[in-house]
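Taking the UniProt record's numbering, the leading residue of the sequence shown gets 1, the next gets one more, and so forth. Data first, discussion second: the structure below is written as structure tokens.
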Amino acid sequence: MDSTTANTSNNSSTPSSEPKTAVRIMVPTRPLLNHPDDEYITDLRDEEGRPRYDSVTVLHDLSTYDMLPSGRIIAGSKRAARARDAPLPAKEVRMEDIMFGAEAGAGAFEGFGVIDTARRGGMQELAEVANLWHTMPELLPQALSLFFHFLDRDLTPLDPQSALQRTPTSDRAFMCMVGLSKAGNLLNDNDDHGEMIVRAWPGVFKWSAFLFAGRIQNPRAPPALQKANLDFVSATWYSLSRSTRGRQAMNATKGCVEIATKMWILEDRGNVPSVIDIPSATTALHSMIRDDTEASLKRVVAAAGGDLNNVVQLALSRLRSAVNGPDITDTKTTAYLDLIGHLSRGQDPPLRNAFMHANTLLLCTKAALSISKLLNSGGPPILVDSMVAAFGYLANFLQSTDGFSWIIQSLQAGLLVAWVDSTPHLHKVDQEDSDMVLSIVRDILPKYLVYRSVIDAVDLTMRVLNQPLHKERVMNSMASKVWTDFHGLALERLVVTMQAAAFKGKEGKLQSISKSDSQFFHHLFTRDARHHLPRLRRLALTEYPGTTKAALIICIDYTVLPPKYSIKPLADYEKDLPEMRGSPNTEARNDALIERARENPGKFTIIQSKIANGEGLQMVMTVVTGSFWDDSDNQWAIPGAIEDKTIDGEDEKYSGKTIDGVDMMMTRMILNDILKSHGEPAAF
């Protein structure tokens with residue numbers, strides 16, 4: 001060994017509260033020196049500065065070993081692991097340097113033979129298995145059996161304070177946590193190993209609780225010791241929770257969700273870097289509350305101090321830091337989004353509403369916008385997972401409470417821009433995820449294009465999306481038809497708003513959003529009913545041939561796409577009414593309109609429209625004159641020209657539309673766009 005090798009520092013400056021480690025010197029050609037377990041080697045050189053020994057090995061505990069290969073470092077840190085079968089590098093030897101390594105050293109992993117030796121108590125071999133077994137996935141059953149063997153509940157010390165004292169038993173238990181932390185990608189809902197995990201879980205939990213109380217939560221433990229144990233205990237829980245039966249057993253264990261919550265709270269404590277590439281406490285808690293969400297959420301809030309705002313603010317502060325910083329390209333963004341999605345899922349609204357009112361949808365929209373930009377500028381592939389997670393939250397919660405308020409907020413923050421710019425990457429995800437992203441524009445937003453405020457917000461975004469780059473992205477993607485359909489509907493509804501504004505004429509003053517929406521409802525519903533009069537007349541003749549048209553209610557269901565048109569007798573209004581979300585005043589007004597129409601037969605016609613209203617439905621009644629069925633006040637109507645024609649591919653009784661002012665305005669816009677594309681001025 002040359003003079004640059006093996007120099008360890010004196011431990012006299014080490015705080016007395018910090019556990020010491022057994023540092024041993026092994027010389028292949030000499031007997032092993034028996035230094036006390038709690039003593040550092042302070043002098044590895046003689047008086048003339050020459051090395052005393054040929055090689056140095058750092059060991060957890062030598063009491064169970066006779067001799068080990070020279071130069072090998074067991075359970076080494078990332079730096080020390082590289083020194084396997086080589087002289088120890090010159091550096092200060094600390095407890096955290098030799099105790100918590102998560103990387104394998106050089107050399108081939110010998111598999112079954114090493115596992116057998118590790119099971120007989122070989123610490124070096126146990127560390128080798130813990131670090132390397134995942135490179136041979138076929139060893140999963142044997143590796144699990146080995147780790148669970150040393151995590152026997154009967155071996156767990158009773159006093160958590162003893163966790164700061166190094167013992168072979170606690171070192172082996174910790175190293176087994178290191179090994180189990182690598183099992184996550186190999187365990188899944190197929191649950192081939194569920195029975196083994198359920199049997200072993202009581203021991204794993206007892207050891208986890210011991211390490212949590214004695215090291216993770218213990219203020220006397222050094223920060224590196226706290227962080228390493230938090231990482232590997234929570235990563236072990238995440239791995240085991242990938243098994244359905246394992247997750248169910250964990251969730252049913254008293255104190256498990258509570259400890260998982262507290263580890264999540266402590267996850268970014270201090271400034272100690274993690275040795276694991278995912279926020280393991282976040283993923284563990286997320287997985288833990290997948291089942292039995294309602295009860296689990298109550299346990300999470302209680303473990304966090306009982307204030308749900310603490311949970312919301314901590315979750316959002318971490319997501320905000322990730323989205324606004326370099327961590328947006330890390331696994332953290334996806335993990336934080338997934339956890340927030342599960343924390344918002346409960347049917348009991350307080351926690352979910354707290355997330356809504358803390359602008360979570362706004363933050364997720366901004367995240368999706370930033371992620372789409374990074375993906376289109378060559379960002380790392382992991383961003384695709386974050387893209388799916390951000391849109392997943394939006395798809396699940398845009399329709400919370402009244403729905404349209406959150407949709408407007410998200411549209412104004414760039415929802416459609418983020419969606420359009422993400423479409424080139426949808427082919428990279430599985431069908432379930434791509435369908436979820438498509439559903440936002442295919443299924444959710446169209447239902448809210450009955451609100452004028454939503455139409456206006458969409459219109460503002462469309463002015464941006466008309467730029468060639470955005471058009472090219474979406475039209476060359478698997479989302480092209482979804483976008484074309486939505487764009488056409490949005491344009492039609494926009495033209496209806498223009499027509500409504502023209503009809504208002506000289507009113508000349510702004511209306512509040514709610515009043516504006518209410519006025520637009522009636523204009524849109526009247527226009528759409530008139531537009532589909534040929535279809536409605538056929539329905540009347542087919543289904544109620546002996547009933548006068550004025551005695552029929554026109555029904556339009558805007559909660560499905562395309563909207564569904566039907567009719568029913570005014571006399572049967574009360575039959576089969578769905579449960580609606582509306583104020584007592586609205587219900588009273590609707591009842592009064594029905595009664596008025598019944599008392600004045602032939603004078604009025606009722607249009608009953610069902611619209612989306614977040615988590616419920618809303619019924620809107622519109623009253624038109626009895627002559628509405630004749631379409632006598634439609635200046636564009638051509639009597640008999642369309643009513644007798646059937647649209648190809650449609651059932652005769654559901655076909656036919658009349659031409660109206662909206663059709664004419666849209667035709668002019670299309671013709672003018674064609675002229676502009678050829679460099680000609682608009683002429684229509």
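Note that beta-carbon positions come from the ideal geometry of N, C-alpha and C, so glycine has one too.
Measure the Cβ-Cβ separation of residue i and residue j and say whether it is below 8 Å.
{"i": "K610", "j": "M621", "result": "no"}
{"i": "A284", "j": "T365", "result": "no"}
{"i": "L297", "j": "G341", "result": "no"}
{"i": "V300", "j": "V312", "result": "no"}
{"i": "residue 706", "j": "G203", "result": "Lying before the first or after the last residue shown, residue 706 is absent from the chain, which here runs from 1 to 684."}
{"i": "L361", "j": "L398", "result": "yes"}
{"i": "L593", "j": "K568", "result": "no"}
{"i": "L375", "j": "L416", "result": "no"}
{"i": "V233", "j": "F212", "result": "yes"}
{"i": "P349", "j": "L308", "result": "no"}
{"i": "L334", "j": "P380", "result": "Before going further, note that residue 334 is Thr rather than Leu in the sequence given. Result no, Cβ atoms of T334 and P380 do not sit closer than 8 Å."}
{"i": "D433", "j": "V388", "result": "yes"}
{"i": "G255", "j": "A209", "result": "yes"}
{"i": "T586", "j": "K447", "result": "no"}
{"i": "L494", "j": "I444", "result": "no"}
{"i": "A221", "j": "M175", "result": "no"}
{"i": "T244", "j": "D191", "result": "yes"}
{"i": "V429", "j": "A367", "result": "no"}
{"i": "L363", "j": "T282", "result": "no"}
Give me the Cα-Cα distance between residue i and residue j, rounded to the nearest whole angstrom.
{"i": "S321", "j": "D327", "result": "8 Å"}
{"i": "R473", "j": "P424", "result": "6 Å"}
{"i": "F150", "j": "T169", "result": "8 Å"}
{"i": "residue 697", "j": "L617", "result": "Only positions 1 to 684 of the chain appear in the structure, and residue 697 is not among them; the question remains open."}
{"i": "G305", "j": "V450", "result": "43 Å"}
{"i": "A641", "j": "D630", "result": "Residue confidence for A641 is low, a pLDDT of 39 falling below 50, so the modelled location carries little weight and cannot support an answer."}
{"i": "D557", "j": "P563", "result": "5 Å"}
{"i": "I394", "j": "F521", "result": "At residue 394 the sequence reads Leu, which differs from the Ile that was named. Those two C-alpha atoms are separated by around 25 Å."}
{"i": "S410", "j": "K603", "result": "43 Å"}
{"i": "Q165", "j": "D159", "result": "11 Å"}
{"i": "N131", "j": "T236", "result": "14 Å"}
{"i": "A249", "j": "V257", "result": "11 Å"}
{"i": "P681", "j": "M462", "result": "21 Å"}
{"i": "G403", "j": "H523", "result": "21 Å"}
{"i": "L144", "j": "T117", "result": "15 Å"}
{"i": "I289", "j": "S344", "result": "11 Å"}
{"i": "R24", "j": "K332", "result": "With a pLDDT of only 37 at R24, under the threshold of 50, the placement of this residue in the model should not be trusted; the figure read from the coordinates follows. Taking the straight line from one Cα to the other gives about 39 Å."}
{"i": "residue 757", "j": "V420", "result": "Outside the shown range of the chain (1 to 684) lies residue 757, about which nothing can therefore be said."}
{"i": "I440", "j": "R119", "result": "53 Å"}
{"i": "T547", "j": "L570", "result": "10 Å"}
{"i": "H357", "j": "L314", "result": "15 Å"}
{"i": "T401", "j": "S181", "result": "40 Å"}
{"i": "residue 686", "j": "R318", "result": "Nothing in the structure corresponds to residue 686, since the chain is present only between 1 and 684."}
{"i": "L140", "j": "F112", "result": "11 Å"}
{"i": "A550", "j": "R352", "result": "46 Å"}
{"i": "F391", "j": "A457", "result": "19 Å"}
{"i": "G325", "j": "K481", "result": "35 Å"}
{"i": "S370", "j": "R530", "result": "44 Å"}
{"i": "D517", "j": "N476", "result": "35 Å"}
Is it right to say residue i is buried, meaning 16 or more other beta carbons lie within 10 angstroms of its own, or is it exposed?
{"i": "N251", "result": "buried"}
{"i": "T135", "result": "exposed"}
{"i": "H427", "result": "exposed"}
{"i": "Q467", "result": "exposed"}
{"i": "R215", "result": "buried"}
{"i": "A588", "result": "exposed"}
{"i": "H193", "result": "buried"}
{"i": "H286", "result": "buried"}
{"i": "N613", "result": "buried"}
{"i": "L62", "result": "Here L62 scores only 29 on pLDDT, less than 50, and its place in the model is too uncertain to base an answer on."}
{"i": "M498", "result": "exposed"}
{"i": "L460", "result": "exposed"}
{"i": "R596", "result": "exposed"}
{"i": "N590", "result": "buried"}
{"i": "S55", "result": "Low confidence applies here, because S55 scores a pLDDT of 44, under 50, leaving its location unreliable; read the following figure in that light. S55 should be labelled buried."}
Taking 7 Å as the line, does the beta carbon of residue i fall inside it for any heavy atom of the ligand ZN?
{"i": "S280", "result": "Looking for the ligand ZN in the displayed structure turns up nothing, as the structure carries no ligands at all."}
Check your understanding: For the segment 254 to 274 against the segment 223 to 235, are there 3 or more C-beta pairs whose distance is under 8 Å?
Key -> Short answer: they touch.
Review point. Which residue spans inside the segment 322 to 402 form an unbroken alpha helix (DSSP H) run of at least 4?
Key: Runs found: 331 to 343, 349 to 357, 360 to 376, 383 to 397.
Point to revise | Ordered list of beta strand (DSSP E) runs contained in the segment 168 to 231, each at least 3 residues | key: Fully enclosed beta strand (DSSP E) runs of 3 or longer: not present.
Exercise for review: Inspect the CB distances between the segment 238 to 252 and the segment 183 to 199 and report whether three or more fall short of 8 Å.
Suggested key: They touch, by the three-pair rule.
Check your understanding: Enumerated in chain order, which unbroken segments of the beta strand (DSSP E) with a length of 3 residues or greater are wholly contained in the segment 563 to 607?
Key -> As far as the segment 563 to 607 is concerned, its whole beta strand (DSSP E) runs of at least 3 residues are 564 to 569.
**Study point:** Unbroken stretches of the alpha helix (DSSP H), 4 residues or longer, contained in the segment 441 to 498
**Key:** Those alpha helix (DSSP H) runs which fall completely within the segment 441 to 498 and span 4+ residues are 452 to 465, 468 to 475.
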